[in-house]
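Just so you know, the numbering used here puts 1903 at position 430 of the sequence shown, and the rest follows in order with no gaps.
Since the structure comes first, as structure tokens, the remarks are kept for the end.
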Amino acid sequence: MSAPTRPWSAGDPLRRALALLDVDRTRVALAVALGVLSLGSAVALAAVAAWLIARASQMPPVLELSVATVAVRAFGIGRGTFRYVERLTSHDVALRGMATLRTTLYERVATGRVGAALALRRGDLLARVGADVDTVGDAVVRGLLPAAVAAVLGVGTAVAMALFLPAAGLALAVCLVLAGVVSPALAARAARTSEARAIEARAAVASVSLGVLDAPGPVTVAGLLPRELDALRSADAALARAVDAGARPAALSAALGQLAVGLAVLAALVLGVPALTAGMIAPVELAVLVLTPLAAFEATAVLPAAAIQVQRSRAAAARVLALLDEATSDGTAPDGTASDEMGRDRPVPVGAAVPGDAPDPLRRSTPASDAELAPSSACPPEPAAVASAAAADAGPSGATQQPASSATLAARDLACGWPGREPVVRGLDLDVRPGRSVAVVGPSGTGKTTLLLTLAGLLPARGGSLTLGGLPPGALPRPEVTSRVVLTTEDAHLFETTVLENLRVARGDVTDDEARAALDRAGLTAWLAGLPDGLATPLGADGRNVSGGERRRLLLARALLSRAPLLLVDEPAEHLDTATADRLVRDLLTTGTDPLAAGPGSPAAPGSPARPGSPAGPPARGVVVVTHRLSALDAADEVLVLRDGRVAARGTHAQLLASDAGYREAQAREQHEDREDP
1474 MSAPTRPWSA
1484 GDPLRRALAL
1494 LDVDRTRVAL
1504 AVALGVLSLG
1514 SAVALAAVAA
1524 WLIARASQMP
1534 PVLELSVATV
1544 AVRAFGIGRG
1554 TFRYVERLTS
1564 HDVALRGMAT
1574 LRTTLYERVA
1584 TGRVGAALAL
1594 RRGDLLARVG
1604 ADVDTVGDAV
1614 VRGLLPAAVA
1624 AVLGVGTAVA
1634 MALFLPAAGL
1644 ALAVCLVLAG
1654 VVSPALAARA
1664 ARTSEARAIE
1674 ARAAVASVSL
1684 GVLDAPGPVT
1694 VAGLLPRELD
1704 ALRSADAALA
1714 RAVDAGARPA
1724 ALSAALGQLA
1734 VGLAVLAALV
1744 LGVPALTAGM
1754 IAPVELAVLV
1764 LTPLAAFEAT
1774 AVLPAAAIQV
1784 QRSRAAAARV
1794 LALLDEATSD
1804 GTAPDGTASD
1814 EMGRDRPVPV
1824 GAAVPGDAPD
1834 PLRRSTPASD
1844 AELAPSSACP
1854 PEPAAVASAA
1864 AADAGPSGAT
1874 QQPASSATLA
1884 ARDLACGWPG
1894 REPVVRGLDL
1904 DVRPGRSVAV
1914 VGPSGTGKTT
1924 LLLTLAGLLP
1934 ARGGSLTLGG
1944 LPPGALPRPE
1954 VTSRVVLTTE
1964 DAHLFETTVL
1974 ENLRVARGDV
1984 TDDEARAALD
1994 RAGLTAWLAG
2004 LPDGLATPLG
2014 ADGRNVSGGE
2024 RRRLLLARAL
2034 LSRAPLLLVD
2044 EPAEHLDTAT
2054 ADRLVRDLLT
2064 TGTDPLAAGP
2074 GSPAAPGSPA
2084 RPGSPAGPPA
2094 RGVVVVTHRL
2104 SALDAADEVL
2114 VLRDGRVAAR
2124 GTHAQLLASD
2134 AGYREAQARE
2144 QHEDREDP
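Set out below in structure tokens:
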């Protein structure tokens, strides 16, 4: 099966990115025309003013000067007017293009191969969809349009001067080439490497800054603030060095431009004086030949900066397109496992639960190893949030219910891990179907979170096979996966909106009664009652005005409101007291008949009226829970114990207590800690 045709699939990165801007060529032509009229008015103003001054010195009748006087006023007014309209038009073109490119980027990252975003630090992803897209758009306003205007104006001015004196027109053309071609070329050549370094340095500054600002408390408590500040200073110093390196060639090219202006004026004098002596031109025409070039070079003065902008935009375009290419690359083997690259259009089963925020090392309460969290050994990345509500795929009602056979998740000899690194889980066999609950336990760093990401389709299988309803997740359309599997991670995103709207990320038609039932199920009844506006109470940015336990339970309530028949939950008991944690885990493991998953064609949620014609019983739901709490696992149908990347033991809670010494010791240690800290 061939990969889909993509406009960013080959060629110069800036050319490819500009194609994705999808700019209106008519508007571009209008912007160029307005720019030519603006600077053309400046050149005409200089020429007419030179003629007027020279002719006035000859003291002719005043009426002979009236037309020139009016023309000076007209060109002066026209220059500013045309400039203003040109700025409006050109920026409209650029901003429309930025919006188009940014929308394409959002869509591809949200619906494509999720590992492309998860492999980036959040600050880096922010830089690519923000500053880098803006920089690509700047190529239109600050790079290409000035070059087009300068080319048209330069040719027109040289031709106009040639009408007075051909040699002077030729000399002006040569000087314009020196200022408008040679000077920008030198600037672009010198800036090519410096701007690439500057782009990377800006991304590093954004990444480190966002990491500190996103979690200042945990960073300070963990003693990481000095290290992060050192990293920020280092990135800022690298940015300053890159900017300085680009300033030197810019200054050199600017000096070359000024030299070209002087040469043009000198050439006009050298060629014009003999022509005047020979009677080839009039005295006032000599003034026009000498003074007009001063305005003609106004168009070329911005070209060195335009050339540097083009290089800057090319480097930014390469970063944007790298993300697009990664998100849409086709590297999935026929059995759904990953080849050298992860699969194309990898579904993002964030569904109702949460965007695919994998564990964040700055926020994780339980330490995790790099092997579990990071695709890069150099610096564990902050996972990029890949946010998309299920309702966006499945319509206003959210995901539709699936037959049990289509919602069966089967893993055989499964290997899980980040692409490009060794698998952290190997040889895993697992069956999850509606009505069956599985708990996964093990020390931190054994790959539990990576396993959930793989089961959810966020990461491709690194070996063995993984099927959802008999097909690899990568072979299914995105809405199919999001309608069957919902994942809530440790640190998924809470939006800066009301409690109800945060819950409606699950599905857009959640009623107030359903929301209250979900919050009650998650143990937040008292919390909801204490809010000033109840469900209409706004949450802060990323839910920072709620505690860790409240945040976790809000995310769980959101997951429970999804109609997906398979629920994957990562560490639901963190930040909770032991009694609440055990009750919550036990409740999750017994959620095979979950009234909160009811939707059209299903029984109503508690407290809401029953729908006519609904079936007799609520839909079944399969559950996989990753947890460190063992006391509540007697409610699980099966418990998997991961050690050293493999399933060391499996069975019911009672069977493992009887057969596995490590599990038995962990349970005893947990009970002892509970007694010591009730």
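Glycine included, each C-beta is placed from N, C-alpha and C at the ideal position.
Helix, strand or coil for residue i per DSSP?
i, result
"T1962", "coil"
"Q2140", "helix"
"L1487", "helix"
"R1899", "strand"
"L1887", "strand"
"D1687", "helix"
"G2095", "strand"
"A2134", "helix"
"G1642", "helix"
"R1498", "helix"
"A1604", "helix"
"V1521", "helix"
"G1936", "strand"
"V1775", "coil"
"A1912", "strand"
"S1849", "Low local confidence applies: a pLDDT of 35 at S1849 is under 50, so the model's placement there is unreliable, and no value is given."
"F1446", "Outside the shown range of the chain (1474 to 2151) lies residue 1446, about which nothing can therefore be said."
"S1530", "coil"
"T1765", "helix"
"L1508", "Reading off the sequence shown, one finds Gly at residue 1508, where the question assumed Leu. Here G1508 sits in helix by DSSP."
"M1753", "coil"
"L1949", "coil"
"P1892", "coil"
"G1610", "helix"
"S1707", "helix"
"V1694", "helix"
Based on Cα-Cα distance, which residue from the options lies nearest to residue i?
i, options, result
"A1641", "D1497, E2138, T1765, R1894", "T1765"
"G1908", "P1534, V2096, L1925, R1935", "V2096"
"L2152", "V1746, A1711, E1771, F1770", "No answer is possible for residue 2152: it lies beyond the span of the chain, which begins at 1474 and ends at 2151."
"L1903", "L1518, A1676, V2114", "V2114"
"R1906", "T1881, D1703, L1924", "T1881"
"L2039", "G2007, G2022, L1997, V2098", "V2098"
"E1895", "T1554, D2117, V2019", "D2117"
"L1503", "V1622, P2011, G1937", "V1622"
"R2119", "P1916, D1993, A1723", "P1916"
"L1960", "F1968, L1967, A1929", "A1929"
"V1793", "A1708, A1737, L1578, I1781", "L1578"
"L1598", "R1977, V1678, E2138", "V1678"
"P1777", "G1947, L1512, A1664", "A1664"
"H2164", "S1956, A1979, V1954", "With the chain covering only 1474 through 2151, there is no way to say anything about residue 2164."
"A1688", "G1596, P1639, A1755", "G1596"
"T1499", "T1562, I1526, E1799", "T1562"
"V1897", "D2006, L1725, L2008, A1934", "A1934"
"V1521", "L1725, V1505, V1501, R1546", "R1546"
Pull the bridge partners of residue i from the DSSP assignment, please.
i, result
"P2011", "T1971"
"G1942", "For G1942, which the question treats as bridged, DSSP gives no partner whatsoever."
"C1648", "In the DSSP output, where bridge partners are listed per residue, C1648 has none listed."
"L1882", "V1905, L1941"
"A1741", "None, per the DSSP bridge assignment."
"G2124", "V2112"
"R2119", "R2116"
"V1545", "Looking at the DSSP assignment, V1545 forms no beta bridge with any residue, so it has no partner."
Measure the Cβ-Cβ separation of residue i and residue j and say whether it is below 7 Å.
i, j, result
"V1566", "V1496", "yes"
"A1995", "R2024", "no"
"T1962", "D2060", "no"
"V1958", "A1883", "no"
"A1779", "R1615", "yes"
"L1493", "L1618", "no"
"R1785", "T1608", "yes"
"A1652", "F1770", "yes"
"L1649", "G1684", "no"
"V1761", "A1741", "no"
"L1487", "A1774", "no"
"T1998", "V1972", "no"
Run the proximity test for residue i: is its beta-carbon closer than 6 Å to any non-hydrogen atom belonging to the ligand GTP?
i, result
"A1641", "This structure simply doesn't include the ligand GTP, nor any ligand for that matter."
Can you give, in chain order, each stretch of the alpha helix (DSSP H) that sits fully within the segment 1968–2055 and has at least 4 residues?
-> Uninterrupted alpha helix (DSSP H) stretches at least 4 residues long and entirely within the segment 1968–2055 occur at 1972–1976, 1985–1994, 1998–2002, 2021–2033, given in chain order.
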